[in-house]
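Numbering (the working numbering), first residue to last: 184 to 452.
Yeah, the Cβ is synthetic: ideal placement off N, Cα and C, and Gly gets one too.
Below: the structure, in structure tokens.
Below, the structure written as structure tokens:
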């Protein structure tokens, strides 16, 4: 992995949020690449329940200050950064008072999805890409984790298709079993269409379920990784029918070697 540039985009990363398959792998994979001499950037949302003082987050003024248009509204983008102790790994946080100030991640106290999770996903995808553009950092691989990050592949290949910084970037999406019941806001498809994204590309978002969000991510990824031992049959079948290269589920002990081989020999070959 030496000198490879890999961008990690995740809905959650330890130590900033509790340990799950997604948050753990969103830390372990970049740590592995970092140890092998690769260059990495990690992006996640700055949820309001992340303790900024304890984790020493601070705003990066030169990267903040632009507005992202979400469904015809200007939403200010704030970028914060922190370093994972002992790892020499920087994490960039996408923030906005309207979307991420509340003291929770994706659901309220009753376990119900926030009604604006669809807009938060759009904001997160566009915020990551705009920030990487400001950094002028061209990744070899973009590795996506978690459904809140699942719009990044389609935005990159449709909305930002003429952005030269990403011309050679390969998108890898990990598919996990961390899903949600019911759907996101049913108006989600119209909010994505507002960005002039091809109707056919997002037709599945007529029903913005977990499976359909991940199917859109699969459609616009170059390769896939099975991140959970048990994946819903519907998504397993969809991955197989996509004809994209797939790294099957690996235990924590097996993952490092298999991941390195997959990125070097399959994704970047």
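Can you give me the Cβ contacts of residue 394 inside the same chain, cut-off strictly under 7 Å, excluding the 5 residues immediately before and after it?
Against the chain shown, residue 394 aligns to sequence position 211. Same-chain partners within the cutoff: 415, 417, 418.
Could you spell out the range, first to last residue, of the alpha helix (DSSP H) harbouring residue 315?
-> For this step, residue 315 is matched to residue 132 along the chain shown. That run of the alpha helix (DSSP H) goes 300–318.
For this session: Alpha carbon to alpha carbon, how far is residue 330 from residue 300? Give it in angstroms, no decimals.
Result: One-based indexing of the chain shown puts residue 300 at position 117. One-based indexing of the chain shown puts residue 330 at position 147. Approximately 10 Å between the Cα atoms of the pair.
Three-state secondary structure (DSSP) at residue 353? Position 170 of the chain shown holds residue 353. In this structure, residue 353 counts as strand in the three-state DSSP scheme.
Report all residues from its chain with a CB closer than 6 Å to the CB of residue 405; omit the five preceding and five following residues, and keep chain order.
Your numbering for residue 405 matches position 222 in the chain shown. Within the same chain, residue 405 has close Cβ partners 353, 354.
### Message
Taking 8 Å as the limit between beta carbons, can you name the residues of its chain near residue 403, skipping five residues before and five after?
### Response
Numbered from 1 along the chain shown, position 220 holds the residue referred to as residue 403. Once the five neighbours on either side are set aside, the close Cβ partners of residue 403 are 336, 337, 339, 340, 341, 354, 384.
Neighbourhood of residue 381 by C-beta, 7 Å cutoff - its chain only, sequence neighbours within 5 removed: On the chain shown, residue 381 is found 198 positions in, with the first residue counted as 1. Correct list, in chain order: 341.
For the putative contact between residue 453 and residue 409, defined by C-beta atoms under 8 Å, what is the C-beta separation to the nearest angstrom? Here the chain has residues from 184 to 452 only, and residue 453 is not among them.
Looking at the strands, I want to know which residues DSSP matches up with residue 158. Residue 158 is absent from the model: the chain starts at 184 and stops at 452.
#### Entry: Inter-residue spacing [alpha-carbon to alpha-carbon] between residue 444 and residue 325
If you number the chain shown from 1, residue 444 lands on position 261. If you number the chain shown from 1, residue 325 lands on position 142. So the alpha carbons of these two residues sit roughly 16 Å apart.
Exercise. Can you tell me which of the three DSSP states residue 203 falls into?
Key: Sequence index remark: in the chain shown, residue 203 carries index 20 (1-based). If DSSP states are grouped into helix, strand and coil, residue 203 belongs with coil.
Exercise for the section: Under 7 Å Cβ to Cβ from residue 307, same chain only, skipping five residues before and after it: list those, please. Expected result: Locating residue 307 in the chain shown gives position 124, where the first residue counts as 1. Taken in chain order, the residues that qualify are 228, 277, 331, 332.
- Message: If you follow the alpha helix (DSSP H) that residue 401 is in, where does it begin and where does it stop?
- Response: In the chain shown, the residue the question calls residue 401 occupies position 218. Counting along the chain, the alpha helix (DSSP H) containing residue 401 begins and ends at 393–402.
Per DSSP, residue 238 forms a beta bridge with which residues?
Taking the chain shown and counting its residues from 1, the one referred to as residue 238 is at position 55. Partner(s): none; residue 238 has no beta bridge.
Open item on the list: As a quick exercise: from 226, 281, 198, 424, pick the residue whose alpha carbon is nearest that of residue 145.
Closed with: Only positions 184 to 452 of the chain appear in the structure, and residue 145 is not among them; the question remains open.
| said: Let me check understanding here. Comparing Cα to Cα, which of 245, 259, 244 lies closest to residue 156? | reply: In this structure the chain extends from 184 to 452, so residue 156 is not present and cannot be described.
Tell me which same chain residues have a C-beta within less than 6 Å of the C-beta of residue 253, skipping the five on either side of it?
If you number the chain shown from 1, residue 253 lands on position 70. For residue 253, same chain residues with a beta-carbon under 6 Å away, outside a window of 5 residues either side, are 302, 305, 306 in chain order.
Check your understanding: Who does residue 266 pair with in a DSSP beta bridge?
Key -> As a first step, residue 266 is located in the chain shown; it is residue number 83 there, counting from the start. In DSSP, residue 266 forms a bridge with 273.
Going by DSSP, what residues sit across from residue 197 in a beta bridge?
Position 14 of the chain shown, counting from 1, holds the residue named residue 197. DSSP output for residue 197 lists no bridge partner at all.
Discussion item. Whole angstroms are fine: how far does the CA of residue 293 sit from the CA of residue 145?
Written reply: Nothing in the structure corresponds to residue 145, since the chain is present only between 184 and 452.
> Thinking C-beta only, is residue 238 closer than 8 Å to residue 212?
Replying inline: On the chain shown, position 29 is the one that residue 212 refers to. On the chain shown, position 55 is the one that residue 238 refers to. Residue 212 is not a Cβ neighbour of residue 238, given a cutoff of 8 Å.
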